[in-house]
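In this note's numbering, the protein residues as written are 324 to 549.
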């Protein structure tokens, strides 16, 4: 298995603390005034970096796997629990929900990787970063489902969805900038991606906007409406 999965790299994404989880959830839901968005390189000496970033417990801007995985599982359990309360639960529902959610995440990651390939974006940890970022949407989806369950007001339901979609989109737009639009060695200490030309940068900006807003709207709508 070590040939296919880098457990050392994967362990980095689960290096979280209770305070990190609480602050990260707050950031995902209320990202509007957060500054800065750049990640912190892991220093190995005065003015030097070894090409790696600090783990999530030491850097709020670092992506993690703990929150996305727990949110993914919570989404499935919450949806099936609510279906049971309404008397609509059946054994196949659990597998259907898990398969649909997993297929959407997989499709999203494949689309991102294909877009990165077309735009000549290279980053050693890019895949694991994208997997982590693709899972944060489930935080907003869970909140939206709870609002839809507790309120019968159609406008309130839509406003709830629109807010959590917008917060997730803004969070992704800011967080993924260092991957898609690196400008300095601070944004990308590995040095594998150099500052890009204006035309290339414009294409990457458009790609990032489409992914953060258009794609996320479609996928979050599907997952919240069942």
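All C-beta atoms, glycine included, are put in the ideal place defined by N, C-alpha and C.
A check of alpha carbon separations from residue 504 across 342, 344 and 520 identifies 520 as the nearest.
Per DSSP, reduced to three states, the secondary structure at residue 388 is coil, with no helix or strand assignment. For residue 398 against residue 461, the beta-carbon gap comes to about 5 Å, under 8 Å, which counts as contact. Under DSSP, no beta-bridge partner is assigned to residue 414.
Linking residue 427 to residue 470 through their CA atoms gives a straight-line distance of about 23 Å.
Between residue 429 and residue 534, the CB-CB gap reaches or exceeds 8 Å. For the segment 464-545, the continuous alpha helix (DSSP H) assignments of 4+ residues that do not extend past its boundaries occur at 477-498, 500-503 and 521-532, in sequence order. Nearest neighbour of residue 384 by Cα position, chosen from 404, 348 and 528, turns out to be 348. Judged by their CB atoms, residue 388 and residue 343 are not nearer to each other than the 8 Å cut-off.
Where residue 352 is concerned, the enclosing alpha helix (DSSP H) starts and stops at 341-352.
Around the Cβ of residue 474, a 10 Å sphere holds fewer than 16 other Cβ atoms; the residue is exposed.
Spatial neighbours of residue 395 in its own chain (CB-CB distance under 7 Å, excluding positions within 5 residues in sequence) are listed in chain order as 424, 458 and 461. When DSSP states are grouped into helix, strand and coil, residue 399 belongs to the helix group. About 7 Å separates the Cβ atoms of residue 354 and residue 497, confirming a contact at the 8 Å cut-off.
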